[in-house]
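**Q** I'd like to ask some things about the structure below.
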Amino acid sequence: MLPLLVGWFGAVAYWIGAGPTEDPAATADVAIVLGAAVHGDEPSPVFCERISHALDLYEAGRVGHLLFTGGRSAADALAESEAAGAVARDASVPADTILIETRSRTTMQNLRNAKAIMDLEGLETAIIVSDPLHMRRAMEMAETLGIAAQSSATPTTRYRSWRTKAPFLLREVYFMHHFWLFGE
């Protein structure tokens, strides 16, 4: 039994690590940028990578809008999405192309709230932006929610060494199973 479990978890980890197929020329109505931590009112280094990649997609004309997700913890001055929106405005992205949702705390909530905003704004297609190891679960969730989405993982990541990747990968293996079992 133990070899079977080890094999299963190893296969899931490999599947997550391989990530979903990406089309480097994909276009969409909106980039959904999944939230990550902020420190006070500044995006964390991980979140900065996601925001930067979304800005690159916007500047390349691959998306027409940026939708930043993520709520505010008690320790922060701004919601994750508000901090990201400020970075985008500072990068000269027009305010009318920046959308934010400020209530989500989990990936599923990020995507559920993003879908509601897309529906309200008449946006039909999305490119989801996150870290490479987070993309598989995010895309599975987007499909469950009926979001017509492509994936675009950050080409740079703060998780570079095995020492930093391993805990993130183990976390994703756990949360993928949590999603499969509980839908969250």
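The sequence shown begins at 1 in full-length UniProt numbering and counts up one residue at a time.
Think of the CB as a built atom: it goes at the ideal place given N, C-alpha and C, for glycine as much as any other residue.
All figures in this text were calculated on a predicted structure; none of them were measured in a lab.
1) Would you call the segment 16–27 and the segment 108–123 in contact, with 3 or more CB pairs under 8 Å?
2) Hey, is residue 124's beta-carbon within less than 8 Å of any beta-carbon in chain D?
3) What residue range is occupied by the uninterrupted alpha helix (DSSP H) comprising residue 145?
4) Could you round the C-beta distance between residue 99 and residue 124 to whole angstroms and report it? I think they count as a contact, below 8 Å.
5) Hey, quick one: how far does the beta strand (DSSP E) through residue 99 stretch, first residue to last?
6) Would you mind stating whether residue 43 and residue 77 have Cβ atoms separated by less than 8 Å?
7) Just tell me which of 80, 93, 91, 90 has its CA closest to the CA of residue 185.
8) What did DSSP end up calling residue 167 once you bin it into helix, strand or coil?
9) According to the Cβ coordinates, are residue 153 and residue 132 closer than 8 Å?
10) I'd like the list of long-range same chain contacts for residue 96, defined as Cβ closer than 8 Å, with 5 residues on each side in sequence excluded.
**A** Let me lay it out:
1) Segments in contact, no.
2) The displayed structure is made up of one protein chain only, and chain D is not part of it.
3) As a working note, residue 145 is residue 145 in the sequence shown. Note, residue 145: alpha helix (DSSP H), 132–145.
4) By 1-based counting over the sequence shown, the position of residue 99 is 99. By 1-based counting over the sequence shown, the position of residue 124 is 124. Not really, about 14 Å apart at Cβ, beyond 8 Å.
5) For the purposes of this step, residue 99 is taken as the residue at position 99 of the sequence shown. Following the DSSP letters along the chain, one finds residue 99 inside the beta strand (DSSP E) bounded by residues 98–100.
6) Position 43 of the sequence shown, counted from the start, is the residue given in the question as residue 43. Position 77 of the sequence shown, counted from the start, is the residue given in the question as residue 77. Going by C-beta atoms, residue 43 is not nearer than 8 Å to residue 77.
7) Since the first residue shown for the chain is 1 and the last is 184, residue 185 is missing from the structure and cannot be characterised.
8) By one-based count along the sequence shown, residue 167 stands at place 167. Assignment of residue 167 by DSSP, reduced to helix, strand and coil, places it in the helix class.
9) As a first step, residue 153 must be located in the sequence shown, where it is residue number 153. As a first step, residue 132 must be located in the sequence shown, where it is residue number 132. Yes, Cβ-Cβ distance for residue 153 and residue 132 is below 8 Å.
10) Here residue 96 corresponds to residue number 96 of the sequence shown, with the count starting at 1. Nothing meets the Cβ criterion.
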